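Trainee: Under our numbering, the residues of the sequence shown are numbered 16 to 271, in order.
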Amino acid sequence: MITEFEIKYETAASIPPPYCYYYHIKGLVSPNDIKIDFAWVYHNREGLTQEDIEDEGFTGQDDFSWKGNISKIWLPLMETLLKSSRTSTKTDNNDHPFLELTFKTQKNVLFQGSPDSIWDWEYFLQEFIQGIYETSGKEAPLLIRYKKIAVQSTLFCSLKIQFKDRSVAIQTRLNDAKMQQKSGNWDEMKDLLELIFSLSYISEKAEKREPHLQGSYIDIGENLWYELGKVALNPSLKVNTIAQIEQYINKIVKFR
Numbered sequence: 016m017i018t019e020f021e022i023k024y025e026t027a028a029s030i031p032p033p034y035c036y037y038y039h040i041k042g043l044v045s046p047n048d049i050k051i052d053f054a055w056v057y058h059n060r061e062g063l064t065q066e067d068i069e070d071e072g073f074t075g076q077d078d079f080s081w082k083g084n085i086s087k088i089w090l091p092l093m094e095t096l097l098k099s100s101r102t103s104t105k106t107d108n109n110d111h112p113f114l115e116l117t118f119k120t121q122k123n124v125l126f127q128g129s130p131d132s133i134w135d136w137e138y139f140l141q142e143f144i145q146g147i148y149e150t151s152g153k154e155a156p157l158l159i160r161y162k163k164i165a166v167q168s169t170l171f172c173s174l175k176i177q178f179k180d181r182s183v184a185i186q187t188r189l190n191d192a193k194m195q196q197k198s199g200n201w202d203e204m205k206d207l208l209e210l211i212f213s214l215s216y217i218s219e220k221a222e223k224r225e226p227h228l229q230g231s232y233i234d235i236g237e238n239l240w241y242e243l244g245k246v247a248l249n250p251s252l253k254v255n256t257i258a259q260i261e262q263y264i265n266k267i268v269k270f271r
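1) Suppose the cutoff is 7 angstroms on Cβ atoms and the five residues either side in sequence are ignored; what does the same chain contact list for T18 look like?
2) Is it a yes or a no for the region 79-98 touching the region 45-60, going by three-plus beta-carbon pairs under 8 angstroms?
3) Less than 6 angstroms between C-beta atoms, sequence neighbours within five positions excluded: which residues of the same chain meet that for Q65?
4) In this structure, how does DSSP classify D110 when only helix, strand and coil are distinguished?
5) Closest to Q229 by CA distance: which of Q167, A192 and Q195 is it?
6) Alpha carbon to alpha carbon, how far is N47 from L90? Give it in angstroms, no decimals.
7) Could you pull out every residue in the same chain whose Cβ sits closer than 6 angstroms to the Cβ of P112, ignoring the five residues on either side in sequence?
8) I'd like to check one pair, L157 with G236: are the Cβ atoms closer than 7 angstroms?
9) Relative to the alpha-carbon of A155, which residue among L248, A258, G42 and D180 has its alpha-carbon at the smallest distance?
10) Where does the unbroken alpha helix (DSSP H) through Q76 begin, and where does it stop?
11) Is it buried or exposed, D135, if we count other Cβ atoms within 10 angstroms and call 16 or more buried?
12) Taking the alpha carbon of G42 as the reference point, which residue from C35, P33, F143 and E137 has its own alpha carbon closest?
13) For a test of your reading of the model: does the CB of K253 fall under 6 angstroms from any non-hydrogen atom of the ligand FAD? Yes or no.
14) How would you call K98, buried or exposed, if buried means at least 16 neighbouring beta carbons within 10 angstroms?
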């Protein structure tokens with residue numbers, strides 16, 4: 016069983032400032048949780064002015080560090096990834112990020128070095144860090160809202176997605192009925208989120224008020240409503256991603 020770990024990550028050398036960064040995570044496993052020491056630092060900004068940084072959507076105060084305890088729910092996921100990981104023998108590549116892992120048990124080192132499955136680890140670490148952000152209070156859980164208004168019916172659905180414990184809370188209501196609540200499947204939600212965030216959103220045409228006219232609408236956690244097909248568009252003419260999203264939601268709420 017993992018007793019401690021250390022993760023070092025840095026963006027590819029080809030990524031320029033102010034976007035390039037590195038992060039460092041140290042974890043110590045206790046009986047009830049994982050003690051975390053986390054730091055995320057944007058670097059190589061010395062040649063940029065404050066205006067340059069702000070023009071790219073940053074503030075200049077973008078670094079973040081935190082020490083605290085997180086759920087042990089992440090340990091089995093780490094162990095599964097470790098079983099399929101081998102130490103990479105590839106040389107440095109300016110287009111690839113740097114990732115170095117160290118995982119230990121009480122008696123030996125489980126893994127040390129750069130994994131060959133770097134993209135699998137990178138995806139996992141995005142979720143893991145989001146869990147740290149939620150636990151620390153830096154960010155709130157993701158809340159997706161969907162509303163479909165037809166001639167004789169109105170469907171409302173909200174999905175509260177918490178990375179800190181990998182849980183999904185679903186609320187649905189048809190017309191004026193009582194709000195129904197249930198838990199969702201994490202892997203299904205990941206597939207749905209991938210579809211939702213692949214759409215092209217025209218932010219200047221989004222509405223702050225909850226919609227009341229016929230149509231299908233979605234709020235992607237911004238407190239802004241986008242009408243599907245008009246303000247939220249398919250990323251490709253070849254694939255109807257919007258239809259796939261609505262099929263997923265219909266399956267979740269058992270509404271046709």
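We put the beta carbon where it would ideally sit given N, CA and C, even for glycine. Source: prediction; values computed, not measured.
Mentor: Short version:
1) As a first step, residue 18 must be located in the sequence shown, where it is residue number 3. Counting only Cβ-Cβ distances below 7 angstroms, and skipping sequence neighbours, we find V44, K119, T120 and Q121.
2) yes
3) For the purposes of this step, residue 65 is taken as residue 50 along the sequence shown, with counting starting at 1. Here the set comprises G75.
4) Counting from one through the sequence shown, the residue named residue 110 turns up at place 95. DSSP places D110 in coil when its eight states are reduced to three.
5) Numbered from its first residue, the sequence shown carries residue 229 at position 214. Closest by alpha carbon: Q167.
6) Counting from 1 along the sequence shown, the entry for residue 90 is found at position 75. Counting from 1 along the sequence shown, the entry for residue 47 is found at position 32. When rounded, the distance between both Cα atoms is 12 angstroms.
7) For the purposes of this step, residue 112 is identified with residue 97 of the sequence shown, where counting begins at 1. Counting only Cβ-Cβ distances below 6 angstroms, and skipping sequence neighbours, we find T26 and A27.
8) The residue you call residue 236 lines up with position 221 of the sequence shown. The residue you call residue 157 lines up with position 142 of the sequence shown. Yes, these two residues count as a Cβ contact at 7 angstroms.
9) Taking the first residue of the sequence shown as position 1, residue 155 is located at position 140. For A155, the nearest C-alpha among the options comes from D180.
10) Stepping through the sequence shown from its first residue, residue 76 is reached at position 61. According to the DSSP assignment, Q76 belongs to no alpha helix (DSSP H), since it is labelled neither H nor E.
11) Working through the sequence shown from its first residue, we reach residue 135 at position 120. Exposed, by the Cβ-count rule.
12) Within the sequence shown, residue 42 is the residue found at index 27, counting from 1. Checking every option, the nearest Cα to that of G42 belongs to F143.
13) Ligands in the displayed structure: none, and consequently the ligand FAD is not present.
14) The residue labelled residue 98 in the question sits at position 83 within the sequence shown. K98 is exposed by the Cβ-count criterion.
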